[in-house]
Amino acid sequence: MEFNLENPLTNFNDSHSNAFTSLFLTESEHMPAENYFQSLKSKDFDISVRRETISIISQLSCNFDPLLSYLAVNYLDRFLSSQGMLEPKPWILRLLAISCVSLAAKMKGTEFSLFDFQGDGGFIFDTQTIERMEVLILGALKWRMRSITPFSFIAYFISLFKLKDPSLKQAIKARATEIIFKAQNEIKLLKFRPSIIAASALLSAAHELLPLQYPCFRKATSNCSYVNKENLLQCYNAMQDIVIDGYESVFDMVSSSVTPVNVLDQQFSSTESEKTNGTITSSSTSRSERGIKRRRIIGYCDNLTVQISRIQQC
C-alpha cells in the first residue's frame with residue numbers, strides 16, 4: 002500500500018480515517034490538566050505522593066493485564082491534576098489506588114473481587130467506601146473512563162513505516178510498547194499528548210532496530226498534520242534514558258531466533274531494582290556500561306539492517 006505523506010489520514014478507508022481524526026482531536030480531554038506537570042516538577046512532596054500511589058497500583062494490579070495498571074495510573078494523574086494532591090496518609094493513598102484499579106478493571110471488563118485488591122497493606126475498606134471514592138474519581142474525570150492512551154495510536158503510526166516484514170513490525174511494536182509502559186512513570190512526559198508519546202516510542206524503537214531506515218520513518222511521522230514537530234523532538238529526546246535502560250532486553254529480543262512476542266500478550270513485570278519506591282527507576286548500571294550496551298545493540302542492528310536492506314525498503 003502506498004501512503005500519502007502530506008495527508009497520512011487519507012491512507013485509511015473513511016471509517017478508519019474518521020476514527021483516528023477523532024482520536025487526535027479529543028486526546029487532550031484524556032490528559033491531566035496543563036499545570037499538573039509544573040506542579041510535580043516544582044514540588045518534591047507532590048512527586049512522592051504520586052510515586053507512592055503508583056507503587057500501590059503496581060502491587061495491586063501485578064497479576065492482571067498490564068494495560069489495567071496503565072489505565073489506573075491515567076485515572077490517578079487526571080484525578081490529582083483536577084483535585085490537587087491529597088494528604089499523604091497511607092490509608093488515603095491506598096484507598097485512591099484501589100479505587101483507580103477497580104475502575105480500570107470495570108472499564109476493561111476484567112473479572113475481579115474487591116478482595117483481590119485489598120492485599121496485605123494493613124487497610125481493609127468496605128465496598129461502600131471504595132464506591133464513594135470511585136464516584137469522586139469519576140467526577141474529576143467527567144466520566145471519561147475510555148481513556149485515549151498512546152496505545153490508541155500505535156496502529157496509525159506503524160502504518161506510516163510501510164514495513165513489509167511482519168516480524169520486524171512486531172519487534173518494533175513490542176519495543177515501543179515496553180517504552181510506553183516505562184514512560185508513564187516519568188513526569189517529564191506527562192506534558193505530551195498520547196499521540197506524541199506513541200510516535201516517539203515507535204521512532205525510538207525503530208532507531209534501535211532499523212537505524213538505516215530511521216530517517217525515513219521520522220520524516221513520515223513528522224509529516225503527519227496532527228504531529229507537532231517540536232513536541233515530537235522534545236518527547237523523543239526525553240525518552241532516551243528510558244530507551245538506554247532497555248538496550249539489553251532489546252538485544253536479547255532481536256538476536257533470538259524466535260519471533261518476538263508482543264509485550265501486550267505477556268504479563269508486565271519489573272525487576273526488583275525497578276520496583277524501588279514503586280516507580281520504574283534508572284538501572285544501577287553505570288553510564289559507561291549503558292554506553293557499551295548502546296554501541297552493542299546499534300552495531301548489531303546495523304548488521305541486521307544491512308542483511309535485510311535488499312528486501313526491506315523504507
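Just so it is clear: in the sequence shown, position 177 is 178 by the working numbering, and no numbers are missing.
Glycine included, C-beta positions come from ideal geometry on N, C-alpha and C.
Could you work out which residue in the options is closest to residue i when comparing CA atoms only?
i	options	result
Phe25	Tyr157, Glu179, Leu164 and Asp66	Tyr157
Arg79	Leu139, Cys225 and Leu234	Leu139
Asn64	Lys143, Thr111, Leu104 and Leu81	Thr111
Phe152	Leu137, Ala175 and Ser168	Ala175
Leu72	Asn186, Pro167 and Pro212	Asn186
Ser49	Pro167, Glu132, Phe21 and Lys90	Lys90
Phe21	Cys225, Ile245, Asp242 and Ile243	Cys225
Leu104	Glu132, Asn19, Ser168 and Ser82	Glu132
Ser82	Phe126, Lys143, Ile245 and Leu69	Lys143
Cys217	Glu35, Val244 and Ile159	Ile159
Output needed for residue i: all residues of its chain with C-beta closer than 7 Å, excluding positions within five of it in sequence on either side, in chain order.
i	result
Phe193	Asn232 and Cys236
Thr128	Leu115
Ile93	Leu87
Asp355	Coverage of the chain is limited to positions 2 through 315, which leaves residue 355 absent and any answer about it impossible.
Thr27	Ile149
Asn14	In this prediction, Asn14 scores a pLDDT of 48, lower than 50, which makes its location untrustworthy; no coordinate-derived value is stated.
Asn19	none
Does the Cβ-Cβ distance between residue i and residue j come in under 7 Å?
i	j	result
Ser148	Val102	no
Pro370	Thr150	The requested residue 370 does not occur in the structure, where the chain is confined to residues 2 to 315.
Ile58	Ala98	yes
Pro84	Ala141	As written in the sequence, residue 84 is Gln, which differs from the Pro given in the question. Against a cut-off of 7 Å, the Cβ pair of Ala141 and Gln84 comes out as a contact.
Met341	Met134	Nothing about residue 341 can be reported from this structure: the residues present for the chain run from 2 to 315 only.
Arg1	Leu234	Limits of the chain in this structure are 2 at one end and 315 at the other, which puts residue 1 out of reach.
Identify, in the order they occur along the chain, each residue of the same chain with its Cβ nearer than 8 Å to the Cβ of residue i, setting aside the five sequence neighbours on each side.
i	result
Leu190	Ala184, Ile198, Cys236, Ala239 and Met240
Leu77	Arg51, Thr54, Ile55, Ile58, Leu97, Ala98 and Cys101
His31	Asn75, Arg79, Arg145, Ser148, Ile149, Thr150 and Pro195
Ser29	Arg194
Val228	Ser196, Ile197, Ala200 and Thr222
Leu69	Ser62, Val102, Ala105, Ala106, Lys109 and Thr111
Which residues in the same chain have their Cβ closer than 6 Å to the Cβ of residue i, if we skip the five residues on either side of it in sequence?
i	result
Leu164	Lys170
Phe154	Ser196 and Ala199
Ser223	Lys230
Below 8 Å on the Cβ atoms is my guess for residue i versus residue j; work out the distance and round it to an integer in Å.
i	j	result
Leu161	Ala221	4 Å
Ile188	Phe38	6 Å
Pro33	Phe182	Their Cβ separation, rounded to whole angstroms, is 18 Å, which puts Pro33 and Phe182 out of contact at 8 Å.
Gln214	Ala207	7 Å
Phe124	Arg95	5 Å
Problem set entry | Ranges of the alpha helix (DSSP H) found wholly within the stretch 35-100, counting only runs of at least 4 | Fully enclosed alpha helix (DSSP H) runs of 4 or longer: 37-43, 45-62 and 67-84.
For this session: Jot down the residue ranges of each uninterrupted alpha helix (DSSP H) in the stretch 193-226, minimum 4 residues, whole runs only, in chain order.
Result: Restricting attention to alpha helix (DSSP H) runs no shorter than 4 residues, the stretch 193-226 encloses them at 195-210 and 215-223, ordered along the chain.
For this session: With a floor of 4 residues, list each alpha helix (DSSP H) that falls wholly inside the stretch 98-184, ordered by position along the chain.
Result: Listed in chain order, the alpha helix (DSSP H) elements of length 4 or more contained wholly in the stretch 98-184 are 115-119, 128-141, 155-161 and 167-184.
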